[in-house]
Amino acid sequence: MEVYPVSYLWNILSPTLPWRKTKWKTFYKKEKEKVNHSARTLSSKFYSEKRLENFDKSITGIADLIIENDLGTTILDFKTGKIYSDAINESGITEQVIKKEYEVQLKLYAHLYFLMNGVYPKALFIVTLSNDFIEVEFKNSECEVIYSEVLSFLTTTNLFITNNDMDAIANPSIENCKYCSYRPACSFYSIWLTANFEGVNDLFGIIEKVNTFNNDTLGLQLRADNKQILINGLQVSNKERFESLIGKNVTLYNLKKTRQSLNATANNFTVIYE
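Sequential numbering from 1 applies to the sequence shown in our numbering.
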């Protein structure tokens, strides 16, 4: 592989993500060590933030970096969070595996690349903040199946929307809803939350009492599903409003839950609806 100067690579990366520059410096140092024994020079092309899409652009994705040369194509995707999740193998032993959604994402990228170029990439990598390059092994047939499933899901969802059959689409769950910004406006989620608030950062319940603390903040005593929950960190300027809601059902979104407890703390992103 031809080794480009790090400064060249930096120019093709987004200046808003400076941590990526260190990644590429480390990566190309490793690659240079691998090919020092070889006299063969390959012509490489680099594509940063490359858009991948199918023929009608109904399914698209943005690959963080694509490297093409005579040996094939490598697609790399950066992740800032946890890469692995726990899984139990056939022997009943817990082991760490790459998160399923990350594998699916890269394999879908691989098939979109195939649709655009007529050839599959040779390798897929996840790049972590600790400079680890984790290869995601794949078969071309796997990528095609994933693409077919995504296409089928899109077609089915659009059909439900056309028929105004929202009940068939709604599927509230921790996995589907935890990070959705439309939670306060979703009636399906609101109903689900009344009995499933333990796994998300939202709460539904009846305000029983409003407490004023010495640090000029408020605390709410909430009863949810026969459980008493304390919520601190609310602005004292809202005291009259909260006192007027005593005995009424409210929903609080974007709280910070206390570990191993339902008690929570409000923050700048917390919103409350009656």
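By construction, the Cβ of each residue, glycine as well, lies at the ideal position given by its N, Cα and C atoms. Just so it is clear, the structure is predicted and the values come from calculations on it, not from any experiment.
Pull the bridge partners of residue i from the DSSP assignment, please.
i: isoleucine 88; result: Thr94
i: phenylalanine 78; result: Val127
i: phenylalanine 133; result: Val127
i: lysine 50; result: Ala63
i: glutamate 274; result: DSSP lists no partner for glutamate 274.
i: lysine 45; result: Glu68
i: threonine 73; result: Glu68
Would you mind giving the Cβ-Cβ distance between residue i and residue j, rounded to the nearest angstrom? I have them listed as a contact below 8 angstroms.
i: aspartate 202; j: threonine 251; result: 7 angstroms
i: threonine 128; j: lysine 79; result: 6 angstroms
i: phenylalanine 138; j: leucine 76; result: Actually they are not in contact, since the Cβ atoms of phenylalanine 138 and leucine 76 sit about 14 angstroms apart, beyond 8 angstroms.
i: asparagine 267; j: lysine 256; result: 6 angstroms
i: threonine 73; j: isoleucine 66; result: 6 angstroms
i: phenylalanine 55; j: leucine 115; result: 7 angstroms
Within 10 Å of its beta-carbon, does residue i have 16 or more other beta-carbons around it, so buried, or fewer, so exposed?
i: lysine 107; result: buried
i: glutamate 68; result: buried
i: glycine 219; result: buried
i: isoleucine 231; result: buried
i: glutamine 260; result: exposed
i: alanine 195; result: exposed
i: alanine 39; result: Here alanine 39 scores only 34 on pLDDT, less than 50, and its place in the model is too uncertain to base an answer on.
i: cysteine 143; result: buried
i: lysine 32; result: Low per-residue confidence applies at lysine 32: pLDDT is 45, beneath 50, and the placement is therefore not dependable, though the value from the model is reported in the following sentence. It is exposed - the Cβ of lysine 32 has fewer than 16 other Cβ atoms within 10 Å.
i: tyrosine 84; result: exposed
i: aspartate 165; result: exposed
i: isoleucine 272; result: buried
i: valine 136; result: buried
i: aspartate 64; result: buried
Please determine if the segment 106-119 and the segment 144-151 are in contact, where contact requires at least 3 C-beta pairs separated by less than 8 angstroms. yes
The segment 199-210 / the segment 247-257 touching (three or more Cβ pairs under 8 angstroms)
yes
Segment contact, 8 angstroms Cβ cut-off, at least three pairs: the segment 175-188 with the segment 234-242: no
Return the chain-ordered ranges of every alpha helix (DSSP H) run that is complete within the segment 183-265 and spans a minimum of 4 residues. 187-193 and 239-244
Note to self: Any contact between the segment 191-201 and the segment 169-183? By contact I mean 3 or more CB pairs, one from each, below 8 angstroms.
What the structure shows: yes
Check whether the segment 151-171 and the segment 113-122 touch, using three or more Cβ-Cβ pairs below 8 angstroms as the test. no
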